[in-house]
Amino acid sequence: MQSLTRLMNTTLTLQMPSRMPAAGVALQQLRGKTKVVEKPKPGAGQQFRRIVHFPEEYTVEPLKITHLAGRDPVSGRLVAKGIGGGIKQQYRWVKWLRDGPTEGAQEELVLEVLRDGCRTANVALVAVGDELKYILATENMKAGDILKTSRLIPRIPVRPNEGDAYPLGALPVGTRIHCLEKNPGQMCHLIHAAGTFGTILRKFDDKVVVQLPSKREFAFQRTCMATVGRLSNPDHNKEHVGSAQRMREMGNRPRSGLWKRKEGKHGRKIRRLPPMTTISPPAPPKEEAIKLTLPL
Amino acid sequence: MRLTKTLCAQHIGWHFKKHWLVQGKRVPKETGAVAELLKLGVQVKNPEDLLNGKVERKIVDIVGTRVNTIPEDSSHPDWHSTVCHSYSDNNVLIGGLPQAQVLTNCIEIQTFPKQIEDVIASQQLPNSIDKSIRHAILASHVLDAEQVKLPKVRLPERPAFNLPRSYGISHERVNRLLVNKLLHETEKLAGRSVSIRRKLIDNATFKTSINKDGDLLGFSINAEKVIFANRAIEAVKGKFEGDLPDLYPMKTTISIPKHHIYQTDNFYPLRTDISCSHPHTIFTVFNKNLVKNAHGSGVTTSQLQARTLIKAFVVAAARARQLHGDSVEGALPKPIVVQSVQTDGRTFHFGVLQLNTLDLSANNPSKNYWFHRQNYDLFSECSYEAGRTHLTNYNGDVFRIFNAFYNN
Chain E
1 MQSLTRLMNT
11 TLTLQMPSRM
21 PAAGVALQQL
31 RGKTKVVEKP
41 KPGAGQQFRR
51 IVHFPEEYTV
61 EPLKITHLAG
71 RDPVSGRLVA
81 KGIGGGIKQQ
91 YRWVKWLRDG
101 PTEGAQEELV
111 LEVLRDGCRT
121 ANVALVAVGD
131 ELKYILATEN
141 MKAGDILKTS
151 RLIPRIPVRP
161 NEGDAYPLGA
171 LPVGTRIHCL
181 EKNPGQMCHL
191 IHAAGTFGTI
201 LRKFDDKVVV
211 QLPSKREFAF
221 QRTCMATVGR
231 LSNPDHNKEH
241 VGSAQRMREM
251 GNRPRSGLWK
261 RKEGKHGRKI
271 RRLPPMTTIS
281 PPAPPKEEAI
291 KLTLPL
Chain L
1 MRLTKTLCAQ
11 HIGWHFKKHW
21 LVQGKRVPKE
31 TGAVAELLKL
41 GVQVKNPEDL
51 LNGKVERKIV
61 DIVGTRVNTI
71 PEDSSHPDWH
81 STVCHSYSDN
91 NVLIGGLPQA
101 QVLTNCIEIQ
111 TFPKQIEDVI
121 ASQQLPNSID
131 KSIRHAILAS
141 HVLDAEQVKL
151 PKVRLPERPA
161 FNLPRSYGIS
171 HERVNRLLVN
181 KLLHETEKLA
191 GRSVSIRRKL
201 IDNATFKTSI
211 NKDGDLLGFS
221 INAEKVIFAN
231 RAIEAVKGKF
241 EGDLPDLYPM
251 KTTISIPKHH
261 IYQTDNFYPL
271 RTDISCSHPH
281 TIFTVFNKNL
291 VKNAHGSGVT
301 TSQLQARTLI
311 KAFVVAAARA
321 RQLHGDSVEG
331 ALPKPIVVQS
341 VQTDGRTFHF
351 GVLQLNTLDL
361 SANNPSKNYW
371 FHRQNYDLFS
381 ECSYEAGRTH
391 LTNYNGDVFR
401 IFNAFYNN
């Protein structure tokens, strides 16, 4: 019956004066059934919470953001549920790479420790030479501190202070670290959240084993840069949201039906951790697929 | 009951379409064909370039009233390959007063010159003056008839709160009125003999550029009120010793924005042949809504004091260049003294700069002098309270210093 009505409609449309564009029908069909929209899956490191409008050059000026409310910025379709609204924060562009000299050490001065609305840990404004930059602040960092950065790996491990950045191989066993490079030169730094830290457990060959905040052990190359100390705002995980309105201010929408008794999501069965994993070098960039345009 | 037989068929077209969504995307495998073709001398082109070739659009030069904007790149007429650290009104030196001292090669002396100190201590002011100043403060802060929308106020502890917009006297007008009224009172006290030797200018621009240790520094500032005198202020007697602060690991030029598009001209608002062209005192206004650190934080006391010093320095340097030519380097034949006052309507910072040398290099033994005291609050609160004007903690010292500066 439905198809009959549609057929009738089509014939009716076709009988209309020729001045009306005939594409209207096609559009209607396209909207209903055949339009395929590719949208990403939630997770995979993308938050769908905001886009930051990064300028071409690095700057310490607070950057403007656009809220996405869980939508994919390419297709505009909803990907992540439960996100939306909230107070518009300003983004502070953290310079992840702590680049230092291969001989000796570079000294940097902490000017101010600031609260950044877009992340949980505090950020520190650091001055070196003619340059100002943000780094993540450690637990006890304060204005006036001098930080050291070096890429030298001496025979005897250095005695680092909080906030110093060294290669993993230069740090003694037992050191608490954060902002850990996954592979030398790869722009992927681990351990960023407030109050977290990794611990250097042991060293073998040219690898250093680090226990990440998830308690899992990974073996990194000894030239990977890491910053010493525990990240600031350690009470963040104990902080209560307090009210539903505060949740809205944080940009989260009302939620319900998330308690799943039987899925084992809320409490894990205590199992042994997976064995130590060696971090593999970064994968080569994926070759771009050719999209064939056959109008089926 | 159905009489016809059920045809267990599906519309296979949908299946093709769905399958094509997956199979229509292919990553071509490297077969070595390109290398073979190149070996044979056959040119290989990307099909994208052939199919969607670039169409060269002809740029038509339309003559009209709208002036074309000049692109801010290397084709700009003021583009230079060397970078210039350009300081302007809204910049803040992140290192505060120590950075300003190193930048201008100034040693800090935490008192005014003896001449001014003596005047402050010995001046006889009539008893009615405090009443007049109180009235001047109220007239500029509360009683003026201007009503404009004031800047938005945000509560840091309640960021979602939109407070009702308040109306009142704009910051610019409050300061202009206050400085004018205080000057009026000093002129009344000083009498015609002194005030005839002073001339006032509003919103004067000063520009200069200086080389320091291989870095080019450009300054372009605006002084809200400038007093010019017919005689230059005498150099401060005595020699002062002191060391420049150490900024390590910062460089002196930190937080001054770098630009490739700039002009290196010198500008002083009055010609030398005008009788009242000697810089005497500059008044600058500090507006916390306009002047902020590059990273968005508020301005500290030390950074505010640095601003007073830099403004005085630019005026003195622009005057020195005007008197002795753009090529003047090193020690000046006669030191130039400029008094500088900065206010935000409530807090005042007074300073006196003596420019002895324009050689700002770090190893120069001769230094410039910066005399100043700490900030003074003219009052703590000035508003309407229960429908009546209300002024608390009025500080009479501010006007005494103000008066001494004018008469110096």
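The listed protein sequences derive, respectively, from chains E and L. Residue numbers for the first sequence follow full-length UniProt numbering, beginning at 1 and rising by one. Residue numbers for the second sequence follow full-length UniProt numbering, beginning at 1 and rising by one. Beta carbons: idealized from backbone N, C-alpha and C, even for Gly.
Residue nearest to Ala105/E within the set Lys265/E, Leu63/E, Lys148/E, Ser243/E is Lys148/E (criterion: CA-CA distance). Contact annotation for Ile290/E against chain L: Lys25, Arg26, Val27, Pro28 [CB-CB distance below 8 angstroms, chain order]. For a Cβ distance threshold of 7 angstroms, residue set Leu294, Leu296 of chain E lies close to Trp20/L, ordered along the chain. For Asp215/L, the enclosing beta strand (DSSP E) begins and ends at 215–229.
A Cβ-Cβ contact shorter than 7 angstroms links Leu114/E with Val123/E. A direct Cα-to-Cα measurement between Ile146/E and Gly95/L gives close to 15 angstroms.
At a C-beta separation below 9 angstroms, Glu107/E has these neighbours in chain L: Tyr248, Pro249.
For Asn407/L, the closest alpha carbon among the candidates Gly32/L, Lys237/L, Asn230/L is that of Asn230/L. For Asp145/E, no Cβ of chain L is located within less than 7 angstroms of the residue's own Cβ. In this chain, Ile51/E is not harboured by any alpha helix (DSSP H); it is covered by the beta strand (DSSP E) spanning 50–52.
Under a criterion of Cβ atoms nearer than 8 angstroms, no residue of chain L is adjacent to Asp99/E; the nearest Cβ is some 15 angstroms distant. From the beta-carbon of Pro159/L, the residues of chain E found nearer than 8 angstroms are Ile87, Glu249.
Taking the Cβ atoms as the reference, Arg321/L lies roughly 14 angstroms from Thr205/L, outside the contact range of under 8 angstroms. Contact annotation for Ala294/L against chain E: Thr59, Val60, Glu61, Leu132 [CB-CB distance below 9 angstroms, chain order]. At least one beta carbon of chain L lies nearer than 7 angstroms to the beta carbon of Val128/E. Residue pairing by DSSP puts His390/L in a beta bridge opposite Ser383/L.
Contact with chain L is absent for Leu152/E, since none of that chain's Cβ atoms lies less than 7 angstroms from the residue's Cβ. Judged by beta-carbon spacing, Val174/L lies within the 7 angstroms limit of Ser140/L, meaning their Cβ atoms are closer than that value. In the three-state reduction of the DSSP assignment, Ile70/L falls in the coil class, being assigned neither a helical nor a strand state.
Residues of chain E with a Cβ closer than 9 angstroms to the Cβ of Thr253/L are, in chain order, Asp130. In the displayed model, Trp14/L falls within a helix according to three-state DSSP.
Taken through DSSP and simplified to helix, strand or coil, Leu178/L comes out as helix. In chain order, Ile177, His178, Cys179, Leu180, Phe197, Gly198, Leu212, Pro213, Leu231 place their CB closer than 8 angstroms to the CB of Ile191/E, counting only its own chain and leaving out the 5 sequence neighbours on each side.
Counted as a single uninterrupted DSSP element, the beta strand (DSSP E) harbouring Glu107/E occupies residues 106–114. Taking 8 angstroms as the upper bound for CB-CB distance, Ile169/L and Asp130/L are not in contact here, some 23 angstroms apart. Chain-order list of chain E residues neighbouring Ile94/L: Leu111, Ala127, Leu132, by C-beta distance under 8 angstroms.
If only complete runs of 4 or more residues are kept, the region 103–140 of chain L shows the alpha helix (DSSP H) at 114–122, in order along the chain. Across the structure, Ser195/L and Gly218/L are spaced so that their CA atoms are roughly 34 angstroms apart.
Closest option to Met141/E, judged by alpha-carbon separation, among Asp164/E, Ile156/E, Arg119/E: Asp164/E. Among the CB atoms of chain L, one or more fall inside 7 angstroms of the CB of Glu287/E. Glu217/E: member of the beta strand (DSSP E) spanning 217–221, first to last residue.
Distance from the Cα of Arg346/L is smallest, within the candidate group Gln339/L, Asn127/L, Thr284/L, for Thr284/L. The DSSP assignment places 165–167, 176–178, 198–204, 207–211 as complete runs of the beta strand (DSSP E) inside the region 164–217 of chain E, in order along the chain (cut-off: 3 residues).
By a beta-carbon distance limit of 8 angstroms, Gln339/L does not contact Thr392/L. Their separation comes to about 29 angstroms.
Measuring C-alpha to C-alpha distances from Lys239/L to each of Asn90/L, Gln354/L, Asn287/L, Ser297/L identifies Gln354/L as the nearest. Distances from the CA of Arg202/E to each of Thr120/E, Pro284/E, Thr277/E, Pro172/E were compared; the closest alpha carbon is that of Pro172/E.
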